[in-house]
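Numbering (my numbering), first residue to last: -10 to 183.
Shown next, in the form of structure tokens:
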């Protein structure tokens, strides 16, 4: 019992150390302020929830402003790419600033980039076709396995049905033989009586 008391006291002490020591209304203090509903301080919070509405509004505004800035950066990035592409096109169209040799070098560089991109697309297409072919072969193999299992089950089921039908026929033949014997015995009795 004493150990339980000491554990509880230690918890109270650790909680008292973690809470702020202000005497403001609704906040706990060392002297023990009046407890108001909804002012319990959760772990990790410096102030009671619900008392920092201004902070929430400021955070919302900051978040909206940050989102707006992020969107502006994304828009500028996209516009910058468009501008860069058009700038390169303008450079190619403008023969006055560059001589013929540098223009040919740039055209060759662009042609090499296009060839590399086409090669990458071809490889990606082949890989996707290989993946599709492999998936199709796998599905076909699975379908064949399922069909084989179904036919095997059908054959076994048919054999079971055939065996059951054969047993029924054998039982009927035995019953007919028994009836024939009984009929022959009755006929023999009638003949002996006459």
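We put the beta carbon where it would ideally sit given N, CA and C, even for glycine.
(1) If you drop the 5 nearest sequence neighbours on each side, which residues of the same chain put their C-beta closer than 8 Å to that of residue 125?
(2) From residue 137 to residue 151, what does the alpha carbon distance come to, in whole angstroms?
(3) Suppose only complete runs of 3+ residues qualify. What are the beta strand (DSSP E) ranges in the segment 102 to 149, listed by chain order?
(4) How many angstroms separate the CA atom of residue 166 from the CA atom of residue 160?
The answer reads as follows:
(1) Counting from 1 along the chain shown, the entry for residue 125 is found at position 136. Cβ within range, chain order: n/a, list empty.
(2) Residue numbering aside, residue 137 sits at position 148 when the chain shown is read from its first letter. Residue numbering aside, residue 151 sits at position 162 when the chain shown is read from its first letter. Cα to Cα, the separation comes out at about 20 Å.
(3) none
(4) The residue you call residue 166 lines up with position 177 of the chain shown. The residue you call residue 160 lines up with position 171 of the chain shown. Their backbone Cα atoms lie some 10 Å apart in a straight line.
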